[in-house]
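Below you'll find the structure, written out as structure tokens, and then a few comments.
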Ligand code: A3P
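In the working numbering, the protein residues as written are 124 to 447.
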């Protein structure tokens with residue numbers, strides 16, 4: 124009887140120790156399972172975030188300032204961006220992968236966010252305007268246009284860099300832009316020249332989309348007055364003006380506007396905003412003679428006037444034909 128009573132006492136002591144032990148463990152801050160849950164409102168906000176297909180595209184032009192526009196817009200709380208160019212609509216090898224592939228490459232976004240993707244090759248690639256219209260006829264489009272002469276020089280510099288990277292010989296600026304047999308004639312098939320003739324590429328966009336859906340962003344002004352240009356883009360997207368002047372600063376060495384970001388330089392990479400070489404005035408004049416009809420026609424088609432050519436002081440009088 125005594126032995127039985129002792130066994131009960133020992134057993135209840137052990138059980139108490141074990142239970143106390145568990146409850147102590149469960150209160151120990153070090154052993155408690157971490158609570159990864161967010162507070163209720165953030166949790167539901169986060170749950171609403173999904174990879175959403177873009178409802179706005181930066182379609183071009185190449186070397187127009189498309190990266191600056193995308194990076195600046197990415198700061199707006201109502202905008203999410205795909206950081207890298209997706210080449211979905213212009214490359215068949217990507218297009219055949221379908222919309223779910225495209226969606227998987229988009230950022231997480233709330234239902235009311237603008238989701239923006241930029242691929243400057245969309246503007247000049249045949250068939251892309253139609254594909255984008257089939258994808259979403261109500262999509263918003265941003266086309267950054269820049270003085271065609273400066274764009275051509277910028278494109279030329281980029282090609283030169285590419286040749287250098289491939290250890291290929293670099294033709295001079297005249298050899299690049301002018302026909303070998305006739306130094307008075309521009310090589311119209313040369314990429315930097317061809318892509319500066321915007322009127323050759325704008326028509327399909329105007330066939331498929333209204334001018335209310337397509338905003339022309341002034342790439343020349345984006346360099347010098349980013350906040351003002353961005354205010355126009357924000358207005359076009361129905362967003363409050365958030366990208367105000369105080370969010371930018373002029374980088375003293377680079378002479379370019381960068382984002383105010385704590386602990387960061389906030390500038391675009393060194394491949395953007397390169398110093399342009401002094402282009403020989405005679406070459407500029409010949410190039411402008413070639414590009415001016417395109418520039419005039421483009422402005423007529425979109426019904427907007429730009430202050431081109433900006434390098435006007437370098438072009439001999441009589442060949443300028445100001446557009447303003
Ligand atoms: P340059 O390097 O010839 O000056 P994209 O991003 O479409 O390739 O365009 C590149 C151009 O963006 C640059 O061409 C530069 O002129 C322009 N740009 C506009 N704002 C800029 C900024 N804040 N920083 C760097 N480049 C900018």
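Glycine included, each C-beta is placed from N, C-alpha and C at the ideal position.
Remember, predicted model here, so these are calculated numbers, not experimental data.
Query: Since I believe residue 177 is in contact with residue 238 (beta carbons under 8 Å), could you give me their beta-carbon distance rounded to a whole number of angstroms?; Result: 5 Å
Query: Taking just the CA atoms, how far does residue 385 sit from residue 184?; Result: 31 Å
Query: If I follow the unbroken beta strand (DSSP E) through residue 267, where does it start and stop?; Result: 263 to 268
Query: Measure the C-alpha to C-alpha separation of residue 284 and residue 171 and round it to an integer number of angstroms.; Result: 43 Å
Query: Report yes if the CB atom of residue 252 is closer than 8 Å to the CB atom of residue 328, and no otherwise.; Result: yes
Query: Tell me residue 237's beta-bridge partners as DSSP assigns them.; Result: 202
Query: So the alpha helix (DSSP H) residue 225 belongs to, where does it begin and stop?; Result: 222 to 227
Query: Checking 8 Å against the spacing of the C-beta atoms, do residue 244 and residue 215 come in under that value?; Result: no
Query: Can residue 396 be considered in contact with the ligand A3P, in the sense that its beta carbon sits closer than 7 Å to one or more heavy atoms?; Result: yes
Query: Looking only at its own chain, which residues have a Cβ that is under 8 Å from the Cβ of residue 278, when we skip the five neighbours before and after it?; Result: 185, 186, 314, 315, 318, 319
Query: Quick one: what's got a C-beta closer than 7 Å to residue 325's C-beta in the same chain, skipping five residues either side?; Result: 421, 424, 425
Query: So what does DSSP say about residue 290, is it helix, strand or coil?; Result: coil
Query: CB of residue 400 to nearest heavy atom of the ligand A3P: below 7 Å?; Result: no
Query: Where DSSP assigns a beta bridge to residue 313, which residues make up the other side?; Result: None; residue 313 has no bridge partner.
Query: According to the neighbour-count rule (16 or more other Cβ atoms, all chains shown, within 10 Å of its Cβ), is residue 145 buried or exposed?; Result: Low confidence applies to residue 145: its pLDDT is 30, below 50, so where it sits in the model is not reliable, and the reading given next is rough at best. Per the 10 Å Cβ criterion, exposed.
Query: By DSSP's criteria, residue 212 is part of a beta bridge. Which residues make up the other side?; Result: Paired residues: none, contrary to the question.
Query: What does the alpha-carbon distance come out to for the pair residue 199 and residue 388?; Result: 18 Å
Query: Counting pairs of beta carbons, one from the stretch 370 to 378 and one from the stretch 214 to 233, are three or more of them closer than 8 Å?; Result: no
Query: If I measure Cβ to Cβ from residue 308 and keep anything under 6 Å in the same chain, skipping five residues before and after, which residues do I get?; Result: 302
Query: Where does the unbroken alpha helix (DSSP H) through residue 417 begin, and where does it stop?; Result: 404 to 425
Query: Take residue 341 as the anchor and find which of 432, 270, 261 has the nearest alpha-carbon.; Result: 270
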